[in-house]
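Chains as they are written, first to last, in this note's numbering: chain A, 678 to 925; chain B, 4 to 263. For glycine and all other residues, C-beta sits at the position ideal for the given N, C-alpha and C. The structure displayed is predicted, hence computed values, not measured ones. Here the structure is laid out as structure tokens; the discussion comes afterwards.
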């Protein structure tokens, strides 16, 4: 279980997180929604230790993440970044097998390559893609390679940062289906950040809405449409008028 | 009022510069600390050695040969004012080995390697590749900074040595082909004049300049701000800082080697 308690984070005078409280149960898929610049990514990066919160605690299975041994802690995670974040200088298969080629999970090169090709196949890419460079792939293919990299070491927890941003509706559907299938298949705990409501409905077990630095509403995805929360309602329906200011 | 504003601005920029120097010193200390501790990424080190060393050879060679040739012409025409044309081989040798070789190679490396490192790492930073490295249990300092800085410290002295030889050969070609020097005498005067301290100082300067050039590329790349403008600022800042620090370090090392 991942638990955030009263997490605060500010950048100068910009208070991004102002007391975030959120629980993600093991084996469930939590989707965090909210407008641009509301701190969704900061939330996720705080859990991974990429950003240090100013105050509050974040625990993973009861253990404070700031006190955990970094290597073994990070080995439990996989992450799909918004832009893919593939390493330009490495061919696709080495991107996918990056974690399997160094550190505590190191395997022989041939085995790492085989696993990479199998993961690429899992996300719908042909083995021929393995030897291409990331720059030779389309945006959708890069996202899928990022997804293959995120699941390569079969992590317990997978984070997805804006998995469908910049993709056409069909490719977005493909990525959403893949995420759902993989999370169910691996029994992983998932946390996704998005403002794509189609993704929310396809991926989520539970939804949390972040606004003004706090979790405005959280609950099962099935309850989302009838939650009666004016912030959530405005966001879901994409209305310009409501409690959330359109100009921020 | 104007004087106060001026002094306040001066104070702010001085404090800013000192803070930046402090941050760079901490970054340098962390880099040295990581060099001394495993894991060491040999493949990345090999790649950096080739990139810093082998691919810099053409620019270093061309810079050195033209500088050596021009130096010979200058010393000949300047020396003619007090009948000292004969010292061309000695002054070209000492000028190239002690000063121009290391400094010009250092500046060329700052232009070619520092800029490339800063732009590459800054782009990795703004496209979240550095964050991705962390999530893949790989320390960015060990994976990106250490190989490049090690390559700078190893390959720049080699480039300086090659640059010194090519620069002297540039002077030799000009001296023998257009200034009427005897080939054997030119070479004999050159070899006899250079002392081992000249060569050692040249190579030590190369190692220090290599460290500075690569470190600045990594520092500015790692600390870039967002977007294409951030990458541009990081690249420009890295080259400026590397060039200034190389020239400052050159003065300090020259003082250390030849006046104390």
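Simplified DSSP assignment, three categories, for residue i
i	result
residue 88(B)	helix
residue 69(B)	helix
residue 191(B)	helix
residue 697(A)	strand
residue 260(B)	helix
residue 684(A)	strand
residue 4(B)	coil
residue 226(B)	coil
residue 740(A)	strand
residue 142(B)	coil
residue 916(A)	coil
residue 887(A)	strand
residue 691(A)	strand
residue 105(B)	helix
residue 832(A)	coil
residue 133(B)	helix
residue 96(B)	helix
residue 910(A)	helix
residue 748(A)	helix
residue 185(B)	coil
residue 247(B)	helix
residue 112(B)	helix
residue 17(B)	helix
residue 922(A)	coil
residue 876(A)	helix
residue 241(B)	helix
residue 713(A)	coil
residue 768(A)	coil
residue 904(A)	coil
residue 236(B)	helix
residue 59(B)	helix
residue 811(A)	helix
residue 34(B)	helix
Cutoff 7 Å; reference residue i; Cβ partners in own chain excluding five residues on either side
i	result
residue 748(A)	780, 781
residue 157(B)	52
residue 129(B)	227, 229, 230, 233, 234
Chain-ordered chain A contacts of residue i [CB-CB under 7 Å]
i	result
residue 132(B)	762, 764
Residue range of the unbroken alpha helix (DSSP H) whose run includes residue i
i	result
residue 150(B)	149–180
residue 778(A)	Unbroken run through residue 778(A): none, as it is neither H nor E.
residue 786(A)	786–799
residue 124(B)	118–129
residue 198(B)	It is not in any alpha helix (DSSP H) - residue 198(B) carries neither H nor E in the DSSP assignment.
residue 854(A)	846–863
residue 51(B)	45–55
residue 722(A)	717–725
Within chain B, partners of residue i - CB distance below 9 Å
i	result
residue 752(A)	140
residue 779(A)	42, 44, 139, 140, 141, 146
residue 756(A)	134, 135, 138, 139
residue 725(A)	134, 137, 138
Neighbour list for residue i in chain B, Cβ cutoff strictly below 8 Å
i	result
residue 775(A)	139, 141
Chain-order list of residues whose beta-carbon lies under 6 Å from that of residue i (same chain, five-residue window excluded)
i	result
residue 893(A)	886, 908
residue 895(A)	885
residue 170(B)	67, 70, 71, 99, 104
residue 148(B)	34, 221
residue 250(B)	none
residue 882(A)	705, 706
residue 92(B)	189, 192, 193
Residues of its chain near residue i, where Cβ-Cβ distance is below 8 Å and the 5 sequence neighbours each way are ignored
i	result
residue 150(B)	44, 47, 48, 50, 51
residue 723(A)	681, 684, 686, 694, 729, 730, 735
residue 248(B)	215, 219
residue 919(A)	907, 908, 910, 911
residue 897(A)	882, 883, 884
residue 857(A)	706, 879, 880
Paired residues, beta bridge with residue i - DSSP
i	result
residue 804(A)	The partner list for residue 804(A) (beta bridge, DSSP) is empty, contrary to what the question assumes.
residue 837(A)	757(A), 869(A)
residue 896(A)	884(A)
residue 734(A)	682(A)
Residue i, enclosing beta strand (DSSP E) - first and last residue
i	result
residue 709(A)	706–710
Neighbour list for residue i in chain B, Cβ cutoff strictly below 7 Å
i	result
residue 748(A)	140
C-beta neighbour in chain E for residue i, strict 8 Å
i	result
residue 207(B)	The structure shown contains no chain E; the protein chains it does contain are A and B.
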